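The sequence shown begins at 15 in the numbering used here and counts up by one.
Glycine is no exception: its CB is placed at the ideal position from the N, C-alpha and C atoms.
On a predicted model such as this, the values are computed, not experimentally measured, just so you know.
Let me begin by presenting the structure, written as structure tokens, before commenting on it.
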Amino acid sequence: MTEVLRGKNVSDKIKEDIVKDVEALKKEGIEPLLKIVRVGAKPNDISYEKSLIKNSEKLGIIAEVLELPEDITTEGLKLEIESLNRNDKVSGIIIFRPLPSHIDADVISSTISPKKDVDCMNPLNLAKVFDGDFSGFSPGTPEACMEMLDFYGVDLEGKNVVIINRTMVLGKPLAMMMLSKNATVTVCHSRTKDLPSITREADVVVTALGRAKMFTKDYVGEHSICIDVGVSEDSEGKLSGDLDYANLEDYVKMITPVPGGVGAVTTAVLFKNVVKACKL
Numbered sequence: 015m016t017e018v019l020r021g022k023n024v025s026d027k028i029k030e031d032i033v034k035d036v037e038a039l040k041k042e043g044i045e046p047l048l049k050i051v052r053v054g055a056k057p058n059d060i061s062y063e064k065s066l067i068k069n070s071e072k073l074g075i076i077a078e079v080l081e082l083p084e085d086i087t088t089e090g091l092k093l094e095i096e097s098l099n100r101n102d103k104v105s106g107i108i109i110f111r112p113l114p115s116h117i118d119a120d121v122i123s124s125t126i127s128p129k130k131d132v133d134c135m136n137p138l139n140l141a142k143v144f145d146g147d148f149s150g151f152s153p154g155t156p157e158a159c160m161e162m163l164d165f166y167g168v169d170l171e172g173k174n175v176v177i178i179n180r181t182m183v184l185g186k187p188l189a190m191m192m193l194s195k196n197a198t199v200t201v202c203h204s205r206t207k208d209l210p211s212i213t214r215e216a217d218v219v220v221t222a223l224g225r226a227k228m229f230t231k232d233y234v235g236e237h238s239i240c241i242d243v244g245v246s247e248d249s250e251g252k253l254s255g256d257l258d259y260a261n262l263e264d265y266v267k268m269i270t271p272v273p274g275g276v277g278a279v280t281t282a283v284l285f286k287n288v289v290k291a292c293k294l
């Protein structure tokens, strides 16, 4: 019988802990405040912004939006971030990405104070992750994957893990996190040859290619724990993950749905980082 790993269960537990931590911080006179920096007014950004504000209110965390014009320069945005860095009332900063093409994203990422970098954009925080130091902040989606596995009792020690993604946003930092748990990790990508022969042997398969329903029974076995981070539209225009969920949900050992899986945990991880920032 396949166990479905639902993100809501994980998210609810994280949020429950956040509420307790926020109450304790407020007793010490500390008001957690997340500053959301949005450049322009892309519909997806505004939708995510509304979701963050709604969640923050439930958790007792203040969320404020700094809306900046689409044509702001790199230097102009840098000055805004530096101002937030100096503001002791601001606990954490998140900048919606991607930024407009004329802005140097590397400069902006490096400008965020590492102690307020709750979305792990600053290279210094990423470097700590690659050094096996998790005292700072980790990227949200890899952290959400780890939270999922931990919540559902998956011990990674000694397990063979295949991650199909090599980006700095997901694949590479997740590999470091799993190595720290003594897993044996293989990182694959869209150019990997004979991918099914590699994934079939893995205990844990993490997919993040953005190719709807690509991973069928040819890619996994009945022993497989499948974590789906891919998000795209299928041929019918419906939201889908990389896994062929309908054909795998009664076949593999464990599986995450899309929607309702890892994505549901990522926002909770962000707010967990805001609380963490208050303690640094």
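Can you tell me where the alpha helix (DSSP H) holding residue i begins and where it ends?
| i | result |
| --- | --- |
| N58 | P57 to L73 |
| L138 | P137 to F144 |
Alpha carbon to alpha carbon, how far is residue i from residue j?
| i | j | result |
| --- | --- | --- |
| L73 | K29 | 7 Å |
| V183 | A158 | 12 Å |
| D120 | D26 | 34 Å |
| L138 | I178 | 25 Å |
| E89 | R180 | 30 Å |
| Y265 | E236 | 6 Å |
| N69 | E81 | 19 Å |
| E263 | T221 | 15 Å |
| M228 | N101 | 47 Å |
| S238 | E78 | 42 Å |
| E250 | N261 | 17 Å |
| P128 | E17 | 38 Å |
Any idea if residue i is buried or exposed, counting beta-carbon neighbours within 10 angstroms, 16 or more meaning buried?
| i | result |
| --- | --- |
| K49 | buried |
| A282 | buried |
| G244 | buried |
| S211 | exposed |
| L93 | exposed |
| M190 | buried |
| M162 | buried |
| A141 | exposed |
| D35 | buried |
| D256 | buried |
So, under 8 Å CB-CB, residue i and residue j are touching, yes? Tell me the CB distance rounded to an integer number of Å.
| i | j | result |
| --- | --- | --- |
| E45 | I76 | 6 Å |
| G21 | V279 | 5 Å |
| V53 | L98 | With a Cβ gap of about 14 Å, V53 and L98 do not count as contacting. |
Residue i lies in the beta strand (DSSP E); which residues open and close that run?
| i | result |
| --- | --- |
| A77 | I76 to L82 |
| N174 | N174 to I178 |
| D264 | That residue, D264, is in no beta strand (DSSP E); it is neither H nor E in DSSP. |
| C202 | T198 to C202 |
Any Cβ of chain B within less than 8 Å of the Cβ of residue i?
| i | result |
| --- | --- |
| D208 | This model lacks chain B altogether, as it is built from one protein chain only. |
(request) Answer yes if the stretch 106-115 comes into contact with the stretch 128-138, meaning at least three C-beta pairs across the two stretches below 8 Å, and no otherwise. (result) yes
(request) Flag this pair as touching only if the stretch 200-217 and the stretch 225-234 have three or more C-beta atom pairs under 8 Å; answer yes or no. (result) The stretch 200-217, when compared against the stretch 225-234, does touch it at the 8 Å Cβ threshold.
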